[in-house]
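Take 0 as the starting number for the sequence shown in numbering that gives the first Met the number 0 and just add one per residue.
All residues carry an ideal CB built from backbone N, CA and C; glycine is no exception.
A short worksheet on the structure shown next.
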Amino acid sequence: MTRRNLCSVALLLLITVCFTVASAQTATMTHPEKLSISTQMFLDELDGKINFDNTSDERLYMPGQSRLLKPVERRYAAPEMIDGKMYISAFVWVGDDGDVVLMENEGVIVEERFDEGLMTTLIPVDRINEVAAIAGVKRIEVASMMQPATDEARRTTFVNDVLGYTDAAVEAGLPGMYDGDGVIVGVIDRGIDFGHIAFQDKDGNTRIKRAYVYNGSSAIYYYGEGPLPKDNVTNTDHGSHTSAIAGGSSVIVEDTLVTVTDDHAHATYGGMAPGSELFLCGLNGMTDARVANAFKRICNYADSVGKPVVVSNSYGDYVYNRDGGGSLGQIVSQLFGEQHPNRICVFATGNNAGHSGGAPGGVYVSGHASAEAPLGTIVCSTQEAYDAGWLYYRQEYIADAFTRANDAEGIGVIIHVLNNETGEVVASYNYESSGGNKTLQLPDYFTAHNGKTPTVAIYFDYRTGKGCKQVILYTQYGLKSPIYTLGVEVYPIGGSSDIIDMWSCGTFTYFDNHLTTEGHTWTVGSDDMSAMPNACYPEVISVGSYVSRATYDSNSVGDISRYSCYAVEGMGPLGAIHPWISAPGEEIISAFNHYVNRTSGGEDIVVHNSNYLYGRMSGTSMATPMVAGIVALWMQAATECGKQLTLNEVKQIMKETAIRDEWVTTGPNATHFGNGKIDALAGIKYILEQYGGHDNEVGDVNHDGEVDIADVTRLIDYLLNSEITICPVCADVYPDEDVNIADVTALIDRLLAADGTEQ
0 MTRRNLCSVA LLLLITVCFT VASAQTATMT HPEKLSISTQ MFLDELDGKI
50 NFDNTSDERL YMPGQSRLLK PVERRYAAPE MIDGKMYISA FVWVGDDGDV
100 VLMENEGVIV EERFDEGLMT TLIPVDRINE VAAIAGVKRI EVASMMQPAT
150 DEARRTTFVN DVLGYTDAAV EAGLPGMYDG DGVIVGVIDR GIDFGHIAFQ
200 DKDGNTRIKR AYVYNGSSAI YYYGEGPLPK DNVTNTDHGS HTSAIAGGSS
250 VIVEDTLVTV TDDHAHATYG GMAPGSELFL CGLNGMTDAR VANAFKRICN
300 YADSVGKPVV VSNSYGDYVY NRDGGGSLGQ IVSQLFGEQH PNRICVFATG
350 NNAGHSGGAP GGVYVSGHAS AEAPLGTIVC STQEAYDAGW LYYRQEYIAD
400 AFTRANDAEG IGVIIHVLNN ETGEVVASYN YESSGGNKTL QLPDYFTAHN
450 GKTPTVAIYF DYRTGKGCKQ VILYTQYGLK SPIYTLGVEV YPIGGSSDII
500 DMWSCGTFTY FDNHLTTEGH TWTVGSDDMS AMPNACYPEV ISVGSYVSRA
550 TYDSNSVGDI SRYSCYAVEG MGPLGAIHPW ISAPGEEIIS AFNHYVNRTS
600 GGEDIVVHNS NYLYGRMSGT SMATPMVAGI VALWMQAATE CGKQLTLNEV
650 KQIMKETAIR DEWVTTGPNA THFGNGKIDA LAGIKYILEQ YGGHDNEVGD
700 VNHDGEVDIA DVTRLIDYLL NSEITICPVC ADVYPDEDVN IADVTALIDR
750 LLAADGTEQ
């Protein structure tokens, strides 16, 4: 029996003894208002009302596959024996130090103390009710068993099978474990903690090969030697989080101790491609110019070392057309796309969907329009933006409209002040691009923040990236009114098409048609074309977020995230589907930035190591690096098959192998997933089958269909140069599950024997 099995048996015996002894005691709850659900469940378990023995539930992973029986897991801590007494790990909130003394008199062991009276404790199992009876104790919460979010995501996407080389991987025909070895993972973000253990190997060496940092006034370049740079953005964990999701090292967490492990299958947390090479870019301000610089540097480095690269981008801007134009769009088209095999770029679709909060309406309207019959809609604001029920527009963009035609002569906009009860137009203002930008003052109808004049600024763009005309409406100081709201109508002037596309690009605004106005047609908005402009570049892969771990306000596990932007086929200027693929994006646990200024630990932090924090974040920002890391696994497999993957080939792999469960096929949000949910294992299986990498003869190291001296040369080059990658199956000529000098000797002997040369 292995040590692990012995430990498991010992733990089961301990739990059995604990509950046998505890069951002799009353577990009746007192002060239930102070007890968390986990505490109540634990007390019920002591009373025998909950039993985990021999219990299982059926979990359907994919349609058409067999059901997998899996034991129901404990979601809260098991008791532990200390000096012959049973304790349970729990959080406790207390009023002051006197309450701590009273708890300690009941035998409570205080482990760590945090701000606002929160502490971690060990409570004697038979004294929980007595501790709850202390007046100053506000809450007891038996500790939950952490279900690691990246582990959950790695399971959901079948990355665990790839990294752990499980039975499922063997059955799928994988020759071994894939971890992104030989592939460069680039991440462009802000707030990267370059010294985080998530970017180190098990010997403490950095896995970051290159870095580019822009701190607002100067650029810092890291070339793989010397001290690591610092990203001086101290107000965000975002970049650390996304970078570690894509390519973070697998780590084992024991309390606050964090160590790197090569045993990916049993890691507590870890990225999708823990064996990849990292090029991390921390950009303060995240301007598109700096992003372009980062793209160029990443691609140049990949070219210099002759390795495939995938770049993750968890950011974007809503104030652009979705036609693939713009300066950054142009640069992306130059550096990525079908003409650049082994370069893949992924972008988040954004988190702008669902602003209507379940009410009719959405962030996009489109339709035929003219000066006589413009495209009209009513600009609304979600409840979370209301102030006592009547704050309508924040200080931000509220509408962004484009002509569909790139030869339009201009664009016009009419702003109406509407009575929000009757729909009556009380004032109208008509502007055309030929008249230049305007500032509309509305003091008779609205008030603004801080006593400022309530205004709407009208900005025109006379030629967007692809020649369209654009108008943006911006409320400079916010607009409030208990009576009035805004209606907006837009029309093209000249051109070969009369279609207008308009987006609500604010944080809270959306479009609706809830009022009836004589002589006007208001169009209800939709989220069916809510994807960010950057995700709509034809040369990138767009990524949406689905729920692998539910929160109090999320959709159900398996459904799309309520905020995840998307585009239905045929919608928008290009009519493309977005996202192309979806991945887990809610409550993902990954690296945090220890340079962030914090007043307290924060509920999102789950690992309180002072240098190596880990915590939860949600968004398409989290789903995107997950896809990037999985693509790195695929590129490794393809490289070992002698194949350079193009953009269209990667997209085809995603489409052909995506998980298409009931949420994707028949769920209420089925159109929001794109082609489905990414499946890392099925993708590698497809690559091996499609590109014939492992149908090649053992000894055909360079996969040219022949076993000859060129294979010997390739094998020697690999052993002398760690930068070179090969297929481990075809190179294992001396079958010992390792590629070494013995394989060179065996291959030479084989060639000599085939030539008839005496050995």
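Quiz item: When we look at the beta-carbon of Asn739 and count the other beta-carbons within 10 Å, is it buried (16 or more) or exposed?
Solution: By 1-based counting over the sequence shown, the position of residue 739 is 740. Its Cβ having fewer than 16 others within 10 Å, Asn739 is exposed.
Exercise. Would you please state the rounded distance, in angstroms, between the beta carbons of Glu586 and Arg548? I believe it to be under 8 angstroms.
Key: Here residue 586 is taken as the residue at index 587 of the sequence shown, counted from 1. Here residue 548 is taken as the residue at index 549 of the sequence shown, counted from 1. Correct: roughly 4 angstroms between the Cβ atoms.
Practice problem: Give a yes or no on contact between the stretch 177-194 and the stretch 591-598, applying the rule of three or more CB pairs nearer than 8 angstroms. | Solution: yes
Exercise. Find out if the Cβ-Cβ distance for the pair Cys640, Tyr717 is shorter than 9 angstroms.
Key: Working through the sequence shown from its first residue, we reach residue 640 at position 641. Working through the sequence shown from its first residue, we reach residue 717 at position 718. It is not a contact, given that the beta carbons lie outside the stated cut-off.
Self-check item: Thr156 (DSSP reduced to helix, strand or coil)
Solution: As a position in the sequence shown, residue 156 is number 157, starting the count at 1. Three-state DSSP puts Thr156 in coil, outside helix and strand.
Quiz item: Are Ile471 and Cys504 close, meaning C-beta to C-beta below 9 angstroms?
Solution: Along the sequence shown, read from residue 1 onward, the residue named residue 471 stands at position 472. Along the sequence shown, read from residue 1 onward, the residue named residue 504 stands at position 505. Cβ atoms of Ile471 and Cys504: closer than 9 angstroms.
Exercise. Would you tell me roughly how many angstroms separate the C-alpha atoms of Asp236 and Thr623, rounded to the nearest one?
Key: Counting from one through the sequence shown, the residue named residue 236 turns up at place 237. Counting from one through the sequence shown, the residue named residue 623 turns up at place 624. Asp236 and Thr623: Cα-Cα distance of roughly 16 angstroms.
Self-check item: For Ile127 and Lys69, the rounded distance between their alpha carbons
Solution: Against the sequence shown, residue 69 aligns to sequence position 70. Against the sequence shown, residue 127 aligns to sequence position 128. Confidence at Lys69 is low in this model, with a pLDDT of 36, below 50, so the placement of that residue is unreliable and no value is reported for it.
Quiz prompt | Residue burial classification, Gly336 (beta-carbon count within 10 angstroms, cutoff 16) | solution = Numbered from its first residue, the sequence shown carries residue 336 at position 337. Result: buried.
Self-check item: Segments assigned beta strand (DSSP E), at least 3 residues, entirely inside the stretch 455-491
Solution: 469-474
Self-check item: Contact set for Val99: own chain, Cβ-Cβ below 7 angstroms, skip 5 residues either direction
Solution: For the purposes of this step, residue 99 is taken as residue 100 along the sequence shown, with counting starting at 1. Closer than 7 angstroms at Cβ, skipping near neighbours: Val93 and Val109.
Exercise. State the start and end residues of the unbroken beta strand (DSSP E) segment that holds Met616.
Key: Along the sequence shown, one-based indexing puts residue 616 at 617. Unbroken beta strand (DSSP E) run through Met616: Leu612 to Met616.
Exercise. Pick helix, strand or coil for Ser560, following the three-state DSSP scheme.
Key: The sequence position of residue 560 within the sequence shown is 561, counting from 1. DSSP places Ser560 in coil when its eight states are reduced to three.
Exercise. Can you give me the start and stop residues for the alpha helix (DSSP H) that Asp287 sits inside?
Key: Within the sequence shown, numbered from 1, the residue matching residue 287 stands at position 288. It spans Asp287 to Val304 - the alpha helix (DSSP H) in which Asp287 sits, taken as one unbroken run.
Quiz item: Going along the chain, which residues of its own chain have a beta-carbon closer than 6 angstroms to the beta-carbon of Glu408, five neighbours each way excluded?
Solution: Start at 1 with the first residue of the sequence shown, and residue 408 comes out as number 409. If we look at Glu408 and ignore the five residues flanking it on each side, its Cβ neighbours are Ile492 and Gly493.
Exercise. Note down the Cα distance separating Val424 from Val91, rounded to an integer number of angstroms.
Key: Against the sequence shown, residue 424 aligns to sequence position 425. Against the sequence shown, residue 91 aligns to sequence position 92. Straight-line Cα distance between these residues: approximately 58 angstroms.
Quiz item: When we look at the beta-carbon of His759 and count the other beta-carbons within 10 Å, is it buried (16 or more) or exposed?
Solution: Because the chain spans 0 through 758 in this model, residue 759 falls outside it and cannot be assessed.
Self-check item: His577 classed as buried or exposed, judged by whether at least 16 other C-beta atoms fall within 10 angstroms
Solution: As a working note, residue 577 is residue 578 in the sequence shown. Looking at its Cβ environment, which holds 16 or more other Cβ atoms inside 10 Å, His577 is buried.
Exercise. For the alpha helix (DSSP H) holding Lys208, just list the boundary residues, first then last.
Key: In the sequence shown, the residue the question calls residue 208 occupies position 209. Lys208 -> not in any alpha helix (DSSP H); beta strand (DSSP E) instead, spanning Ile207 to Tyr213.
Quiz item: Any idea if Leu751 is buried or exposed, counting beta-carbon neighbours within 10 angstroms, 16 or more meaning buried?
Solution: Numbered from its first residue, the sequence shown carries residue 751 at position 752. Classification for Leu751: exposed.
Practice problem: Have a look at Ile604, Ala534, Asn554 and Ile559 and flag the residue whose alpha-carbon is nearest the alpha-carbon of Gly574. | Solution: Taking the first residue of the sequence shown as 1, we reach residue 574 at position 575. Selected option, being the one with the closest Cα: Ala534.
Quiz item: Quick one, are the C-beta atoms of Thr402 and Met271 less than 9 angstroms apart?
Solution: Translated into the one-based positions of the sequence shown, residue 402 becomes position 403. Translated into the one-based positions of the sequence shown, residue 271 becomes position 272. Not in contact: Thr402 and Met271 (Cβ atoms no closer than 9 angstroms).
Quiz item: For Arg138, does the three-state DSSP call read helix, strand or coil?
Solution: For the purposes of this step, residue 138 is taken as residue 139 along the sequence shown, with counting starting at 1. If DSSP states are grouped into helix, strand and coil, Arg138 belongs with the strands.
Exercise. Go ahead and pull the three-state DSSP assignment for Glu115.
Key: Your numbering for residue 115 matches position 116 in the sequence shown. Here Glu115 sits in helix by DSSP.
Quiz item: Under three-state DSSP, which class holds Thr165?
Solution: One-based indexing of the sequence shown puts residue 165 at position 166. Correct three-state label for Thr165: coil.
Quiz item: So Ser365 is in the beta strand (DSSP E); what residue range does that whole segment cover?
Solution: As a first step, residue 365 is located in the sequence shown; it is residue number 366 there, counting from the start. First-last of the beta strand (DSSP E) with Ser365: Tyr363 to His367.
Quiz prompt | For Thr638 and Thr645, the rounded distance between their alpha carbons | solution = As a position in the sequence shown, residue 645 is number 646, starting the count at 1. As a position in the sequence shown, residue 638 is number 639, starting the count at 1. Cα-Cα distance, rounded: 12 angstroms.
Quiz item: What is the DSSP secondary structure of Val425, reduced to helix, strand or coil?
Solution: The residue you call residue 425 lines up with position 426 of the sequence shown. Correct three-state label for Val425: strand.
Quiz item: Considering only the beta carbon of each residue, do Met501 and Leu374 sit closer than 9 angstroms?
Solution: Within the sequence shown, the letter at position 502 stands for residue 501. Within the sequence shown, the letter at position 375 stands for residue 374. Yes, Cβ-Cβ distance for Met501 and Leu374 is below 9 angstroms.
Quiz prompt | Contact check, Lys771 vs Asn674, beta carbons under 9 angstroms | solution = Look at the range of the chain in this structure, 0 to 758, and you will see that residue 771 is not part of it.
Quiz prompt | Residue closest to Ile187, alpha-carbon to alpha-carbon, out of Ser311, Tyr483 and Ala447 | solution = Position 188 of the sequence shown, counted from the start, is the residue given in the question as residue 187. Comparing Cα positions, the closest option is Ser311.
Quiz item: Does DSSP put Ala218 in a helix, in a strand, or in coil?
Solution: One-based indexing of the sequence shown puts residue 218 at position 219. Strand.
Exercise. Would you tell me roughly how many angstroms separate the C-alpha atoms of Val706 and Val161, rounded to the nearest one?
Key: Here residue 706 corresponds to residue number 707 of the sequence shown, with the count starting at 1. Here residue 161 corresponds to residue number 162 of the sequence shown, with the count starting at 1. Whole-angstrom Cα-Cα distance: 29 angstroms.
Self-check item: Cross-strand partners of Asn592 (DSSP beta bridge)
Solution: Position 593 of the sequence shown, counting from 1, holds the residue named residue 592. According to DSSP, which records beta bridges pairwise, Asn592 is partnered with nothing at all.
Exercise. Identify, in the order they occur along the chain, each residue of the same chain with its Cβ nearer than 6 angstroms to the Cβ of Arg659, setting aside the five sequence neighbours on each side.
Key: As a first step, residue 659 is located in the sequence shown; it is residue number 660 there, counting from the start. Taken in chain order, the residues that qualify are Gly675.
Quiz item: Does the Cβ-Cβ distance between Asp180 and Gln635 come in under 9 angstroms?
Solution: Translated into the one-based positions of the sequence shown, residue 180 becomes position 181. Translated into the one-based positions of the sequence shown, residue 635 becomes position 636. Taking 9 angstroms as the Cβ cut-off, Asp180 and Gln635 qualify as a contacting pair.
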